[in-house]
Amino acid sequence: MSDQSGSFEVTCFSEVLNRSRDMLEDGQAIVVTAEAKIENDALRLTALDVEPLDRAAAGVQRGIRLEIDRAEAIGHIRVLLAREGSGRGKVSLVPRLGNGQDIALALPGGFNVSPRMMQAMKVLPGVLHVEEV
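Going from the sequence shown to our numbering is simple: count from 1 and add 10.
As structure tokens, this is what we get:
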């Protein structure tokens, strides 16, 4: 496995491997729950569970704050939120009023706020800034 700090070895026994084989592909973002041991001055990691990053993130209550500068952004945001489905995350819209004041509008209900959805929000027309809160 590898991350931004480099590559490392994780032992994955057959039970865990059989459950997670389809997730273990190059470029796939995953979360590995592992047992860590120091043996002969070296770190040894043994996988206990593997799940996709989006599924793991869905279990965490997170929210986003979206700064927008055009009303057309609201329609695009609505479509994306509907596609991602409901969840426990909160979404706030912060329209640019042009007078130096900010007002945050909390959308009712909860949303599936995943890292993938946050990236998609960043490229929507009229969305200036996406911030995790």
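Using N, Cα and C, we set each Cβ at its ideal position, and we do this for glycine too.
| Asked | Found |
| --- | --- |
| Nearest-angstrom Cα separation, counted from G37 out to R148 | As displayed, the chain neither begins before 11 nor continues past 143, which places residue 148 out of reach and without an answer. |
| Separation of M131 from S15, as counted between CA atoms | 27 Å |
| Separation of I87 from G119, as counted between CA atoms | 15 Å |
| Backbone CA spacing between M127 and E49 [nearest angstrom] | 40 Å |
| Residues near S96 by beta carbon distance below 8 Å, same chain, minus five either side | G119, G120, F121 and N122 |
| Which of helix, strand or coil DSSP assigns to P125 | helix |
| Residues that DSSP places opposite S12 in a beta bridge | S17 |
| L90 (DSSP reduced to helix, strand or coil) | helix |
| Assigned secondary structure, I84 (DSSP; H/G/I helix, E/B strand, else coil) | helix |
| G136 beta carbon less than 8 Å from that of K100 | no |
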